[in-house]
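Protein chains in written order, with our numbering: chain A, 1 to 298; chain B, 299 to 596. Before any comments, here is the structure.
Protein chains: 2
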Amino acid sequence: MIAVDWGTSSFRAYRLDADGSVLEQRSAAAGLLACGGVFEPVLTEQLSGWPDELIVMAGMIGSRSGWHEVPYVACPAGLGDIAAGMSEVAASSLPGRRIFIAPGLSHRPAGGAPEVMRGEEAQLLGLLGELRGGGPHTVCLPGTHSKWASVNEGRISAFHTAMTGELYAVLQQHSLLGALMDREAGTSVHDAPAFELGVQTSAAAGGLLNHLFSVRTRGLFGELTAAQLPSYLSGLLIGHELQGLAAGAERVHLIGSAALLSKYRSALALRGITAQAHGEALAARGLHQLAHVRALVA
Amino acid sequence: MIAVDWGTSSFRAYRLDADGSVLEQRSAAAGLLACGGVFEPVLTEQLSGWPDELIVMAGMIGSRSGWHEVPYVACPAGLGDIAAGMSEVAASSLPGRRIFIAPGLSHRPAGGAPEVMRGEEAQLLGLLGELRGGGPHTVCLPGTHSKWASVNEGRISAFHTAMTGELYAVLQQHSLLGALMDREAGTSVHDAPAFELGVQTSAAAGGLLNHLFSVRTRGLFGELTAAQLPSYLSGLLIGHELQGLAAGAERVHLIGSAALLSKYRSALALRGITAQAHGEALAARGLHQLAHVRALVA
Numbered sequence: 001m002i003a004v005d006w007g008t009s010s011f012r013a014y015r016l017d018a019d020g021s022v023l024e025q026r027s028a029a030a031g032l033l034a035c036g037g038v039f040e041p042v043l044t045e046q047l048s049g050w051p052d053e054l055i056v057m058a059g060m061i062g063s064r065s066g067w068h069e070v071p072y073v074a075c076p077a078g079l080g081d082i083a084a085g086m087s088e089v090a091a092s093s094l095p096g097r098r099i100f101i102a103p104g105l106s107h108r109p110a111g112g113a114p115e116v117m118r119g120e121e122a123q124l125l126g127l128l129g130e131l132r133g134g135g136p137h138t139v140c141l142p143g144t145h146s147k148w149a150s151v152n153e154g155r156i157s158a159f160h161t162a163m164t165g166e167l168y169a170v171l172q173q174h175s176l177l178g179a180l181m182d183r184e185a186g187t188s189v190h191d192a193p194a195f196e197l198g199v200q201t202s203a204a205a206g207g208l209l210n211h212l213f214s215v216r217t218r219g220l221f222g223e224l225t226a227a228q229l230p231s232y233l234s235g236l237l238i239g240h241e242l243q244g245l246a247a248g249a250e251r252v253h254l255i256g257s258a259a260l261l262s263k264y265r266s267a268l269a270l271r272g273i274t275a276q277a278h279g280e281a282l283a284a285r286g287l288h289q290l291a292h293v294r295a296l297v298a
Numbered sequence: 299m300i301a302v303d304w305g306t307s308s309f310r311a312y313r314l315d316a317d318g319s320v321l322e323q324r325s326a327a328a329g330l331l332a333c334g335g336v337f338e339p340v341l342t343e344q345l346s347g348w349p350d351e352l353i354v355m356a357g358m359i360g361s362r363s364g365w366h367e368v369p370y371v372a373c374p375a376g377l378g379d380i381a382a383g384m385s386e387v388a389a390s391s392l393p394g395r396r397i398f399i400a401p402g403l404s405h406r407p408a409g410g411a412p413e414v415m416r417g418e419e420a421q422l423l424g425l426l427g428e429l430r431g432g433g434p435h436t437v438c439l440p441g442t443h444s445k446w447a448s449v450n451e452g453r454i455s456a457f458h459t460a461m462t463g464e465l466y467a468v469l470q471q472h473s474l475l476g477a478l479m480d481r482e483a484g485t486s487v488h489d490a491p492a493f494e495l496g497v498q499t500s501a502a503a504g505g506l507l508n509h510l511f512s513v514r515t516r517g518l519f520g521e522l523t524a525a526q527l528p529s530y531l532s533g534l535l536i537g538h539e540l541q542g543l544a545a546g547a548e549r550v551h552l553i554g555s556a557a558l559l560s561k562y563r564s565a566l567a568l569r570g571i572t573a574q575a576h577g578e579a580l581a582a583r584g585l586h587q588l589a590h591v592r593a594l595v596a
């Protein structure tokens, strides 16, 4: 089968063997934003030469602005609940194939606003498969919109979102703070002392709106160079994201790209928390499990 | 004399009588960003027809990117300290005039990053003149970079900054959240229920990075319309700004434009705090007091 993680800005496909192991992997900048609302030709092109009958997809491709809107499944939810919510879509230019889209998850914390995810649930299912039950565990999937999930006994019981990555990008590109930075350094060089100062400052008095101003003043007073400011801002924001962590957490599972995980790992270490890293290919494993529960694969 | 509040994006001038009362007032979009580093011709043009010999200025005009850098005066600071830090500048195209620039203030909270202000100190001095000593008082000057000051017995003892206004603008114009909004409604219509929901949500569990995502989900789930989202975001951010308030605060002095003050007044009221509003022309009063202490006016 073929597993596809199709998000707003990226497209990732995995060709799997009968056990769900990854045989081949492809990725492209063919996210929803690049598709102009026409998805079938993109899928046909991206999967050329892969003849497998079954295609299971997750991500924003199942959203209102995607190929076909698949309703959210409410937490707590496990493999069976998510598998039951899958939708099959037709694709006339891909004859002889069966194409499914997995649902995203929704959650309503007591007294809070609604939460949603699309795509991360496939990675969480992959992780649950590796953990083989037990719990509770805390899982973080860092990114543009980081997701923090609580999993327990094979189910995703609750989650919340932090807009860390998007705020970082928007502030760096469009704010007065960004104008003070050596932006090129920020994208290529990780300055560990500046990052750590950011994480430490995030725990000081005053909230994030106040701490952001310190990007300006630490530059103005020569405490940090223009090349260090991007790492400092990153540390500030990730530090604030970690404040949502339950006080008793001792270990966090991280799922994501190596570069991002290393930042989160060092921020967690500053709080005395151990991180266990997992790669993004967990999504393929999760989608294979969904296919298995629906009896689409052996 | 003439009092000038010259900031990054705006220029405001006040012609004062011998008592410091405002006779005439001018404002222009002639802030530092519009001057291209050449200030004397702009000042000459803006003050045409006002023959007064003495000109006292405050704001970013005294910064490194302004006409002449005037060193910050450290808090705690009162009228005498700030007057002593004023610098006189020469202007060959304005013969027969004397031009002074007031210093900004700096503050270093214990264990925190440096804080700076330029321009707001003139408004605070004007307020201190009206309060005639006593204290302590809490003062908020809302804006792109809101300032919160503690004043006591005629001195500004401490202050901090919140980047509320800038974050609002950047998120509305450049983020995924902004793309969901009816931005035109946001700039013209204040939706009181959506604003109040934002203020209330800011006090819920999870930090600002999490709460920002609720702009998206409350729109997605139909809890708020696209036209309500700007007011909701404004309430969220102002609510977070107020979390920096000392728990015991019962009354806050607000200095700023009427439209902005009315938002802050309602957010404060939701926290049971009374607001007393003051107009921005307090800056002219503060600059007149500085001239008086320096014996430049009677």
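C-beta: ideal position from N, C-alpha, C; glycine also. None of these values were measured; they are calculated from a predicted model.
- In this structure P95 (chain A) is exposed. Its beta-carbon is surrounded by fewer than 16 other beta-carbon atoms within 10 angstroms.
- For a Cβ distance threshold of 8 Å, residue set F213, T217 of chain A lies close to E413 (chain B), ordered along the chain.
- Taken in chain order, the members of the region 144-169 of chain A whose beta-carbon sits within less than 7 Å of a beta-carbon on chain B are H145, H160, T161, A162, M163, T164, E166, L167.
- Of the residues assessed, S27 (chain A) falls on the exposed side of the cut-off, its CB having fewer than 16 other CB atoms within 10 angstroms.
- Under DSSP, L105 (chain A) shares a beta bridge with A:V73, A:M117.
- In its own chain, leaving out the 5 sequence neighbours on each side, no residue places its CB closer than 8 Å to the CB of G207 (chain A).
- For the C-beta of A582 (chain B), not a single chain A residue is nearer than 8 Å; the gap to the nearest is close to 27 Å.
- Around the beta carbon of T572 (chain B), a 10 Å sphere encloses fewer than 16 other beta carbons of the protein chains shown; the residue is thus reported as exposed.
- The beta carbon of H472 (chain B) sits closer than 9 Å to some beta carbon of chain A.
- The beta carbon of M163 (chain A) sits closer than 6 Å to the beta carbons of H145 from its chain, once the five residues preceding and following it are set aside; these are given in chain order.
- Against chain B, the beta carbon of G111 (chain A) has neighbours under 7 Å at A502, listed in chain order.
- Burial state of L141 (chain A) is buried, judged by a 10 Å Cβ sphere holding 16 or more other Cβ atoms.
- When secondary structure is reduced to three states using DSSP, Q526 (chain B) falls in the coil class, being assigned neither helix nor strand.
- Taking 4 residues as the shortest admissible run, the region 11-64 of chain A contains the following complete alpha helix (DSSP H) segments, listed from N- to C-terminal end: 32-35, 40-46.
- Per the C-alpha coordinates, the member of A:L128, A:R12, A:G20, A:S10 positioned closest to M1 (chain A) is A:G20.
- Contact note: E120 (chain A) does not reach chain B at a C-beta cutoff of 7 Å; the least C-beta distance is about 13 Å.
- Excluding the 5 residues flanking it on each side, A389 (chain B) has same chain C-beta neighbours closer than 6 Å at E338, I397, in chain order.
- For P193 (chain A), the closest C-alpha among the options A:F11, A:L209, A:H160, A:L224 is that of A:L224.
- Judged by DSSP in its simplified three-state form, Q574 (chain B) adopts strand.
- Sequence-distant partners of E367 (chain B) (beyond 5 residues in either direction) whose C-beta falls short of 8 Å from its own C-beta, in its chain, are G360, S361.
- Annotation for F159 (chain A): the continuous beta strand (DSSP E) segment containing it runs 155-162.
- If you look at V591 (chain B), you'll find it in the alpha helix (DSSP H) that goes 580-591.
- Neighbours of F493 (chain B) in chain A, taken as residues at a C-beta separation under 8 Å, are lacking, since the least C-beta distance is about 15 Å.
- Nearest C-alpha to A372 (chain B) among B:W446, B:R549, B:E419: B:E419.
- Going by C-alpha positions, Q574 (chain B) is about 42 Å away from D182 (chain A).
- For the region 56-69 of chain A, the set of residues with a beta-carbon nearer than 7 Å to any beta-carbon of chain B is empty.
- With contacts defined as CB atoms closer than 9 Å, A582 (chain B) and Q541 (chain B) fail to qualify as a contacting pair.
- One alpha carbon belongs to F519 (chain B), the other to F159 (chain A), and they sit about 17 Å apart.
- Not a single CB atom of chain B sits nearer than 9 Å to the CB of L229 (chain A).
- Contact annotation: G383 (chain B) and P369 (chain B) have beta-carbon atoms nearer than 9 Å.
- Contact annotation for T138 (chain A) against chain B: no contact, minimum CB-CB distance about 15 Å [criterion: below 7 Å].
- Burial is judged here by how many other beta carbons sit within 10 angstroms of a residue's own beta carbon; S231 (chain A) has at least 16 and is buried.
- In the structure shown, L180 (chain A) adopts coil according to DSSP, grouped into three states.
- Bounds of the alpha helix (DSSP H) holding S564 (chain B) are 556-568.
- Using a Cβ-Cβ cut-off of 7 Å, G207 (chain A) is close to L506, H538, Q541, G542 of chain B, given in chain order.
- For T201 (chain A), the neighbours in chain B by C-beta distance under 8 Å run, in chain order, G410, A411.
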